[in-house]
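Structure first, commentary second.
2 protein chains.
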Amino acid sequence: MQALDGARAHIRNVPLENIAGLAKDRFGDTSVIPLWFGEGDVPAPAFIGEAMNRAIAAGHVFYTHQNGIPELRETLATYLSGLGALPVGPERITVTASGMNAIMLALTLICEAGDNIVAIDPVWPNTGGMASLLGAEVRSVRMDAGPDGWSLDPDKLAASLDGRTRAVFFASPGNPTGAMVPLEVQAAVLKLCRERGVWLIADEVYNRLAFGLASAPTILDIAEPEDRLIVINSFSKSWAMTGWRLGWMVHPPSIGPTLAMLTQYTTSGVTTFLQHAGVAAIREGEPFVGSMRAYCEAGMGIVCDALERSPRVRMGPRPKAGMYAFFEVDGRPDARQACLDILSATGVGLAPGIFFGPGSESFLRACVCRAPDVLRQAMQRLAPALA
Amino acid sequence: MQALDGARAHIRNVPLENIAGLAKDRFGDTSVIPLWFGEGDVPAPAFIGEAMNRAIAAGHVFYTHQNGIPELRETLATYLSGLGALPVGPERITVTASGMNAIMLALTLICEAGDNIVAIDPVWPNTGGMASLLGAEVRSVRMDAGPDGWSLDPDKLAASLDGRTRAVFFASPGNPTGAMVPLEVQAAVLKLCRERGVWLIADEVYNRLAFGLASAPTILDIAEPEDRLIVINSFSKSWAMTGWRLGWMVHPPSIGPTLAMLTQYTTSGVTTFLQHAGVAAIREGEPFVGSMRAYCEAGMGIVCDALERSPRVRMGPRPKAGMYAFFEVDGRPDARQACLDILSATGVGLAPGIFFGPGSESFLRACVCRAPDVLRQAMQRLAPALA
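Chains as they are written, first to last, in the working numbering: chain A, 141 to 527; chain B, 141 to 527.
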């Protein structure tokens, strides 16, 4: 008998397959062009590592505050207050071990077995994965794909909520769609959540990668501090810190002590000197964020140019934000198999739509945050599969 | 109405108070001698940070394997195989964001609402805290304090298990007691868990801090790979890496993919370059571990010398492992209040027994992993409170 039989039943039933699982046998294989993750090929700028080393030299190597070091909470508060229309105080910020870790803390606070959350999809799958670990059901409300791109119908969302719904999750700009939810639609969602007493978890991880904008519209501009609202963010994308593992959440002040307790019992907190690296990233990173935005926009152009040349590719208008192209290929309804075939035939790693919610099974996601030459090579390799 | 009202009921009922909470207002206050945490005053040796910087320079700054980088899993397997009597393969090792994070993953795998775990106490409180987050009950089986120190009665343990018991948790060497459970008693516990189909979570975080021994007795020496056994460990204590946040678990090979999935949805993995620091710590850290062991032994001598001079202090034989003295003071049955009084009167931070399970309410815990001069100063400051 295997030990796994001793795991609880619903954990055994959570699918093991995810993008990381698809990729794990090819980590470090330089013949692969890895467009499957939400990750670029640019390392974080050197000043961030230098700030980390200064923190180590200064002795910031011991246990610290569960909500994050005051210096980073204050730096993030100042940053967010400058970026949006409303001030955000440090008492609303908790530093986390990643954007995912922030979602874990939020859902652990909110959900238990028998509850449900409503995820607006196509959506990054990991939020639903974490809800499943808690025994909560994940419901999907699909955005509509129209000539102007993906849009959310708040009435459809309202119809999906019931008495066991504890949270609505949406990302803007979206992953995988890049869609930005207009602020008036976000306001309708917030109003609905207020009326129903439901939490709103807003993933704004891509908010600095909106092409031609300083920032995508943020729900923080229309919310009250004590709204049941948690805004997720991360250093991974805009500061190119995927492997560093650092994120944050904006939350009602009243739940700060509870988040400290949840942090204590799940990770016991975030690497101390890494938080000092985060301070430097925010304070000195604006030119770099601008370069990442331009890099993604250029990559989006290269990838979409190629996709639009292929008569078999179906794709809406080009995304105006984020780091992904999300498209279908005529005659390839099973994108999971298509990804495996494409990986083996071309060495290009794509992510299959099956991970992004029901209705996306025929979609492929390609990360565009790569060097132009690499993206051109990837699209050349892909051409026969798309022709 | 505060947002916290929207948290689920049993999360609101988990006490917010813990050692970190007690300490948080005095972080960085140099007038305090902080003996409350399980943390020394020695930073990790420089070669560990240098290895981390080499990893960053080599481009190990992106997402990586959910079970940990192969190099660290193999390094840990070799290390454990050399330390114990039986070989441990890399497929049994998962790298975690801390020892606490390893416990979180283990309990998430095993426990749900309505289950219970049995913790052998006096015990570090955070395991029970995490079980509470899952809605599981935490039962205590207390070790007996005798003339030879703390000892565990397996029959008492057997009597505490019922049909909803999913796991037994024990630490050896113990925190706060420093007690080492003899291997024949560990064998009895393992046999009991096998008979009942219950998981055994063994915390061996202090195993390298057994005075005069290369390592404390490890349950890995008597277990089969597919036993329902998870052994928790961490770089925090023996390699002085508390603020770095790095740990590992030894587990049955069959649950490796499930642990990868759980990691994906809770933290999405451990900082990549930090794992390379872990490789260096294991490969080159033996002299440092030896020095930490000697440092703790010296500190234990200084603290126990002083405590034994006080007629009001009740303490068993000196601990032979770990980094704590655990004692009572006649006339001070409420150790929590005693800690607050002592902190305010003397500036010495102690941890109250209330956190270590029922029956320990009158105990105080002092970390002895500090420079001899600092410990002597602390004991001088404490003398009036103990006289």
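Every residue, glycine too, gets a C-beta built ideally from N, C-alpha and C. Computed from a prediction, not measured in an experiment: that's the story for all the values here.
By Cβ distance, which residues of its chain are closer than 6 Å to residue i, with the 5 residues on each side in sequence left out?
i, result
"B/Ser221", "Pro227 and Val228"
"B/Ala253", "Gly275"
"A/Pro85", "No answer is possible for residue 85 of chain A: it lies beyond the span of chain A, which begins at 141 and ends at 527."
"A/Asp284", "Ser291"
"B/Asp145", "none"
"B/Ala195", "Phe413 and His416"
"B/Ile188", "Ala417, Ala420 and Ala421"
Is residue i helix, strand or coil when you go by DSSP?
i, result
"A/Gly471", "coil"
"A/Glu277", "strand"
"B/Ser394", "helix"
"B/Ala421", "helix"
"B/Gly489", "strand"
"B/Arg458", "coil"
"B/Trp388", "strand"
"B/Gly269", "helix"
"A/Gly352", "coil"
"A/Arg282", "strand"
"A/Glu494", "The sequence shown places Ile at residue 494 of chain A, rather than the Glu named in the question. Reduced to three states, the DSSP call for A/Ile494 is helix."
"B/Val453", "strand"
"A/Met401", "helix"
"B/Leu301", "coil"
"B/Asp367", "coil"
"B/Thr317", "coil"
"B/Ala380", "coil"
"B/Thr411", "coil"
"B/Thr406", "helix"
"B/Leu226", "coil"
"B/Ala111", "This structure leaves residue 111 of chain B out entirely; chain B is present only between 141 and 527."
"B/Ile362", "coil"
"B/Ser484", "helix"
Quick one: what's got a C-beta closer than 8 Å to residue i's C-beta in the same chain, skipping five residues either side?
i, result
"A/Leu297", "Val258, Ile260, Val281, Val308, Val329 and Leu332"
"B/Gly471", "Arg452"
"B/Asp361", "Gly224, Ala225, Leu226 and Leu323"
Sorted by chain position, which residues of the same chain lie with C-beta nearer than 7 Å to residue i's C-beta, five sequence neighbours on each side aside?
i, result
"A/Ser365", "Residue identity check: residue 365 of chain A is Pro in the sequence provided, not Ser. Taken in chain order, the residues that qualify are Arg232, Pro392 and Pro393."
"A/Thr236", "Ala242, Leu245, Gly387, Trp388, Met389 and Val410"
"B/Ala518", "Ile173, Leu175 and Val488"
"B/Leu216", "Ile233, Trp388 and Ile422"
"B/Asp288", "Pro457"
"A/Pro322", "Pro357"
"B/Glu183", "Per the sequence shown, residue 183 of chain B should be read as Pro rather than Glu. Hits under 7 Å: Ala380."
"B/Leu483", "Gly489"
"A/Phe202", "Thr412"
"A/Lys164", "none"
"B/Thr267", "Ile243, Ala259 and Phe309"
"B/Ala525", "Ile482, Ala485 and Thr486"
"B/Ile250", "Arg306, Ala307 and Trp339"
"A/Val508", "Cys436, Gly439, Met440, Val443, Met463, Tyr464, Ala465 and Leu515"
"A/Met192", "Phe413, Leu414, His416 and Ala417"
"B/Val461", "Correcting the residue type first, residue 461 of chain B is Ala in the shown sequence and not Val. Once the five neighbours on either side are set aside, the close Cβ partners of B/Ala461 are Pro313, Gly318, Met320, Tyr346, Leu349, Ala350, Phe351 and Ala356."
Could you please give me the residues that DSSP links to residue i through a beta bridge?
i, result
"A/Trp264", "Answer by DSSP bridge pairing: none, since A/Trp264 is not bridged."
"A/Phe309", "A/Ala259 and A/Ile341"
"B/Phe466", "B/Arg505"
"A/Ile372", "A/Asp343 and A/Met389"
The alpha helix (DSSP H) that contains residue i, what's its start and end?
i, result
"B/Val443", "Glu426 to Arg449"
"B/Arg213", "Pro210 to Leu223"
"B/Asp293", "Per DSSP, B/Asp293 belongs to no alpha helix (DSSP H) and is neither H nor E."
"A/Ile243", "Gly239 to Ile250"
"A/Val514", "Pro512 to Leu526"
What span of residues does the beta strand (DSSP E) with residue i cover, start to end?
i, result
"B/Arg505", "Phe503 to Cys507"
"B/Met328", "The question names Met, yet the displayed sequence has Ala at residue 328 of chain B. Looking at the DSSP string, B/Ala328 is not in any beta strand (DSSP E); the run it does join, the alpha helix (DSSP H), is Leu323 to Arg336."
"A/Thr234", "Ile233 to Thr236"
### Query
In the segment 141–205 of chain A, which residue ranges form an unbroken alpha helix (DSSP H) of at least 4 residues, counting only runs that do not cross its ends?
For the segment 141–205 of chain A, whole alpha helix (DSSP H) runs of length 4 or above, ordered along the chain, are 149–153, 159–163 and 186–197.
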